[in-house]
Amino acid sequence: MYKAKIDLKYNSCLVTGGAGFIGSHICEEAVNQGKRVICLDNMVAGKEENIAGLRDKKNFTFFRADVTDLETIVPQFKEVDIVFHNAASKCTVCRQDPFLDLKVNTWGTWCVLEASRLAKVKKVIVASTGSVYGEARYLPQDEEHPVKPRSNYGVSKLAGERYAEVFKEYYGLDYSVIRYFHVYGPRQESAEWGGVIPIFIRRAWQDKPLTIFGDGSQVRSFTYVKDDVNANFLLANDSRANGQVYNAASGIKVTILELAGLVKELMGKTSLPVEFADWRSGDIKVFDINNSKIKELGLSFETDFRAGLQATIDWYKGYFKAQRI
Ligand SMILES: NC(=O)c1ccc[n+]([C@@H]2O[C@H](COP(=O)([O-])OP(=O)(O)OC[C@H]3O[C@@H](n4cnc5c(N)ncnc54)[C@H](O)[C@@H]3O)[C@@H](O)[C@H]2O)c1
Numbered sequence: 213m214y215k216a217k218i219d220l221k222y223n224s225c226l227v228t229g230g231a232g233f234i235g236s237h238i239c240e241e242a243v244n245q246g247k248r249v250i251c252l253d254n255m256v257a258g259k260e261e262n263i264a265g266l267r268d269k270k271n272f273t274f275f276r277a278d279v280t281d282l283e284t285i286v287p288q289f290k291e292v293d294i295v296f297h298n299a300a301s302k303c304t305v306c307r308q309d310p311f312l313d314l315k316v317n318t319w320g321t322w323c324v325l326e327a328s329r330l331a332k333v334k335k336v337i338v339a340s341t342g343s344v345y346g347e348a349r350y351l352p353q354d355e356e357h358p359v360k361p362r363s364n365y366g367v368s369k370l371a372g373e374r375y376a377e378v379f380k381e382y383y384g385l386d387y388s389v390i391r392y393f394h395v396y397g398p399r400q401e402s403a404e405w406g407g408v409i410p411i412f413i414r415r416a417w418q419d420k421p422l423t424i425f426g427d428g429s430q431v432r433s434f435t436y437v438k439d440d441v442n443a444n445f446l447l448a449n450d451s452r453a454n455g456q457v458y459n460a461a462s463g464i465k466v467t468i469l470e471l472a473g474l475v476k477e478l479m480g481k482t483s484l485p486v487e488f489a490d491w492r493s494g495d496i497k498v499f500d501i502n503n504s505k506i507k508e509l510g511l512s513f514e515t516d517f518r519a520g521l522q523a524t525i526d527w528y529k530g531y532f533k534a535q536r537i
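The sequence shown begins at 213 in this note's numbering and counts up by one.
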């Protein structure tokens, strides 16, 4: 299903949040390409099982640390060519604890940039989110769309983007911002605070009704995780991307209701009921994303949604069996 991949041109990289969902896929691909990889994670949401397959590789090192602890992390950045900054406190957590969001996503990003500057890292790829746009003023949303985040999380991530701009201006530190949108694939958190795709897969696996918040007309632009690994490597490699912001979304449009139907179909559980609950505050109704800027650099989003979903379901079936879920 997944064909093309981009070779990272650098010899070494550090991945913050490397034991998390997206970060572990970046680590895995970089290790497979023979790069020296440092995975830095405080394991607040990261999982040992996400990196278990990398532990015995000579070119992989795990370092448990908090990105907000500048003094501790600085030495890890020495002799690193490029940093993929994926560590974050994410939205479900921040509603309970906005300060944690501010601390990790804003101050933590500042620390990662500062450590990169001190260690003379060549470039930082800052993971951001489509949530920085807020409710769409026009569709499809391109990178010029005004930013008006509607959540603590979105505000804290936008501040992280802005710090990257400042570091470039003050110190010439190269960066690219990659805005992700509803990334899915193996290893995403499937508990109730996880992504909608693994939550639906898990509930269907357990023969529980699928719960939709609102009427299910919300539109999402799901993107397969391997395509976003490619997007990270492309932005890392290409100097035209320096100082730029990119939407890294597949560009597809799927409603949550359609998703529920597809998960039921692909799992052979078409009779499973769907329940509707109240809209969640801050939920953005439509993500219709213009990805032409990143495509102009040469990226193609290879993965067909149905095929990506099937691959994801297949992975979770093995995972749930092994975990006795
Ligand atoms: N998954 C998506 O659809 C999506 C969408 C938009 C943006 N993002 C962004 O992508 C990045 C990766 O997200 P993910 O889905 O892989 O999430 P994840 O929760 O699976 O991974 C985040 C990782 O960061 C680690 N972490 C958290 N706080 C830390 C700290 N203070 N110090 C060190 N490590 C810390 C966690 O332990 C975890 O392993 C994040 O920056 C997130 O904001 C993800």
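Glycine included, C-beta positions come from ideal geometry on N, C-alpha and C.
Whole angstroms are fine: how far does the CA of residue j sit from the CA of residue i?
i: Trp527; j: Pro398; result: 6 Å
i: Arg415; j: Glu487; result: 12 Å
i: Leu447; j: Asp439; result: 12 Å
i: Ala300; j: Thr280; result: 11 Å
i: Asn244; j: Ser493; result: 41 Å
i: Leu312; j: Phe425; result: 26 Å
i: Arg432; j: Gly406; result: 15 Å
i: Leu478; j: Gln522; result: 7 Å
i: Glu347; j: Asp354; result: 13 Å
i: Trp322; j: Val344; result: 18 Å
i: Phe517; j: Glu240; result: 22 Å
i: Ala277; j: Asn298; result: 14 Å
i: Ile390; j: Ala443; result: 8 Å
i: Leu351; j: Met255; result: 37 Å
i: Phe274; j: Gly480; result: 39 Å
i: Ala327; j: Lys505; result: 29 Å
The alpha helix (DSSP H) with residue i in it runs from where to where?
i: Gln522; result: 517-535
i: Asp386; result: Asp386 -> not in any alpha helix (DSSP H); beta strand (DSSP E) instead, spanning 386-392.
i: Phe311; result: 310-313
i: Lys438; result: 437-449
When you measure from the CB of residue i to every non-hydrogen atom of ligand 1, does any distance come out below 6 Å?
i: Thr341; result: yes
i: His394; result: yes
i: Asn254; result: yes
i: Asp278; result: yes
i: Asn298; result: yes
i: Val316; result: yes
i: Ala242; result: no
i: Gly246; result: no
i: Phe311; result: no
i: Ile337; result: no
i: Ile234; result: yes
i: Gly320; result: yes
i: Gly520; result: no
i: Ala257; result: yes
Locate the beta strand (DSSP E) running through residue i, then write down its first and last residues.
i: Glu487; result: 486-489
i: Asn459; result: 456-460
i: Arg276; result: 272-276
From the beta carbon of residue i, is the nearest beta carbon of chain D less than 7 Å away?
i: Tyr382; result: Within the model displayed, chain D is absent; a lone protein chain is all it includes.
* Asked: Quick one: any contact between the region 307-319 and the region 228-239, if contact means 3 or more CB pairs under 8 Å?
  -> no
* Asked: Counting Cβ pairs closer than 8 Å, one from the region 287-301 and one from the region 244-255, do we hit at least three?
  -> Enough Cβ pairs lie closer than 8 Å, so yes.
* Could you tell me whether the region 388-406 touches the region 430-439, where touching means 3 or more Cβ pairs closer than 8 Å? => yes
* Is the region 369-378 touching the region 417-431 in the sense that three or more CB pairs, one from each, lie closer than 8 Å? -> no
* **Cβ contact (3+ pairs, closer than 8 Å) linking the region 259-277 and the region 464-473** => no
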